[in-house]
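A.B. asks: I'd like to ask you about the structure that follows.
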Amino acid sequence: MSNTFSLILLVLLGAGFAMAFIRLVIARTAGDRAVALDGATLISVDLMVLMAFLMGRSMLLDVVLVYALLSFLGVLAIARYLEGGL
Amino acid sequence: MNPDFLLGIASVAGVSMIIAAVRAIFVRDLLSAIILVGFVSLTASVLFFLMDAPDVAITEASIGAGISTVIFLWGRSKVREE
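Here the protein sequences come in this chain order: A and B. Quick note, the numbering used here runs 46 ahead of the 1-based positions in the first sequence. Quick note, the numbering used here runs 25 ahead of the 1-based positions in the second sequence.
Here's what the structure looks like:
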């Protein structure tokens, strides 16, 4: 992969992460924060996959797999709590 | 991989981690504080990932994102409203 292409990808993912983070900090309700946390988690999963590819180490993909599964569990628990079920 | 990329990602993750932690202290309701603590554990996992510690990053992801968010929400629903 060329160097400029990976730089463009990193800048785009960083911009998405920054927008999700700003929404997480200045949100009005807790539902906004839950959606912003979900977006930041998905973008950081992409970022970690890109870093594992650039480092050339496939062992780091296990971390991303575990994190993607467990962050879905966390967002599911928050949504269940907001509906009054938990 | 270029070390400037690693430095940029690490600085973005660290600064957002500090801001989210301070916001979690001063936020009004407890559910928003729980969500912000989940974000802090997310950035901690990214920083452990960057420091070439995949086992610590797996542990931080499973404890921080999976267990502690669910346990905090469960305790929040048990505590009566003040």
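Yeah, the Cβ is synthetic: ideal placement off N, Cα and C, and Gly gets one too. Bear in mind the structure is a predicted one, so any value in this text is a computation, not a measurement.
(1) Using a 10 Å radius around the Cβ and a threshold of 16 neighbouring Cβ atoms, would you call Ile54(A) buried or exposed?
(2) Identify whether Leu98(B) lies in helix, strand or coil by the three-state DSSP scheme.
(3) Indicate whether at least one CB of chain B lies closer than 8 Å to the CB of Ser104(A).
(4) With DSSP as the reference, label Ser53(B) as helix, strand or coil.
(5) Can you check whether the C-beta of Phe74(B) is within less than 8 Å of a C-beta belonging to chain A?
(6) Going by DSSP in three states, Ile92(B) sits in which element: helix, strand or coil?
(7) Between the region 47-64 of chain B and the region 81-95 of chain B, do three or more beta carbon pairs fall short of 8 Å?
(8) Assuming the contact rule is C-beta atoms closer than 8 Å, Leu83(A) and Val121(A) should be a hit. Round their C-beta distance to whole Å, please.
(9) Find the residues of chain A that neighbour Ser41(B), judging by a C-beta separation of less than 7 Å, and give them in chain order.
(10) Does Leu55(A) come within less than 8 Å of chain B when only Cβ atoms are used?
(11) Along the region 87-107 of chain B, what residues have a CB closer than 8 Å to any CB found in chain A?
(12) Please state whether the Cβ-Cβ distance between Arg101(B) and Leu55(B) is less than 8 Å.
(13) Using a Cβ-Cβ cutoff of less than 6 Å, which residues in the same chain neighbour Ala122(B) once the five nearest sequence positions on both sides are dropped?
(14) With 16 other CB atoms within 10 Å as the buried threshold, where does Ala38(B) fall?
(15) Less than 8 Å between the C-beta atoms of Ser94(A) and Phe73(B), yes or no?
(16) Run through the region 71-97 of chain A for me and flag every whole alpha helix (DSSP H) of 4 or more residues, listed as ranges in chain order.
(17) Applying a beta-carbon distance threshold of less than 9 Å, which residues of chain B neighbour Ser48(A)?
C.D. replies: Put simply:
(1) For the purposes of this step, residue 54(A) is taken as residue 8 along the first sequence, with counting starting at 1. With fewer than 16 other beta carbons inside 10 angstroms of its own, Ile54(A) counts as exposed.
(2) Indexing the second sequence from 1 puts residue 98(B) at position 73. Helix.
(3) Translated into the one-based positions of the first sequence, residue 104(A) becomes position 58. With a threshold of 8 Å between beta carbons, Ser104(A) makes no contact with chain B.
(4) Within the second sequence, numbered from 1, the residue matching residue 53(B) stands at position 28. Residue identity check: residue 53(B) is Arg in the sequence provided, not Ser. Residue state, collapsed to three classes: coil.
(5) Translated into the one-based positions of the second sequence, residue 74(B) becomes position 49. So yes, Phe74(B) belongs to the interface.
(6) Taking the second sequence and counting its residues from 1, the one referred to as residue 92(B) is at position 67. Reduced to three states, the DSSP call for Ile92(B) is helix.
(7) Taking a contact to require three or more Cβ pairs closer than 8 Å, the region 47-64 of chain B and the region 81-95 of chain B qualify as touching.
(8) For the purposes of this step, residue 83(A) is taken as the residue at position 37 of the first sequence. For the purposes of this step, residue 121(A) is taken as the residue at position 75 of the first sequence. Contact between Leu83(A) and Val121(A) holds, since their C-beta atoms are separated by about 7 Å, short of 8 Å.
(9) The residue given as residue 41(B) occupies position 16 in the second sequence. Those within 7 Å of Ser41(B) in chain A are Phe67.
(10) As a first step, residue 55(A) is located in the first sequence; it is residue number 9 there, counting from the start. No, no contact with chain B.
(11) Here the close residues are Ser87, Ala90, Gly91, Thr94, Val95, Leu98, Trp99, Arg101 and Ser102.
(12) In the second sequence, counting from the first residue as 1, residue 101(B) sits at position 76. In the second sequence, counting from the first residue as 1, residue 55(B) sits at position 30. Closer than 8 Å, so yes.
(13) As displayed, chain B neither begins before 26 nor continues past 107, which places residue 122(B) out of reach and without an answer.
(14) Indexing the second sequence from 1 puts residue 38(B) at position 13. Classification of Ala38(B): buried, given that the 10 Å Cβ count is 16 or more.
(15) Position 48 of the first sequence, counted from the first residue, corresponds to residue 94(A). Position 48 of the second sequence, counted from the first residue, corresponds to residue 73(B). According to the sequence shown, residue 94(A) is Met rather than Ser. No; because the gap between Cβ atoms is not below 8 Å, this pair is not in contact.
(16) With a minimum length of 4 residues, no continuous alpha helix (DSSP H) run stays inside the region 71-97 of chain A.
(17) Here residue 48(A) corresponds to residue number 2 of the first sequence, with the count starting at 1. At a beta-carbon threshold of 9 Å, none of the residues of chain B lie near Ser48(A); the nearest stands roughly 12 Å away.
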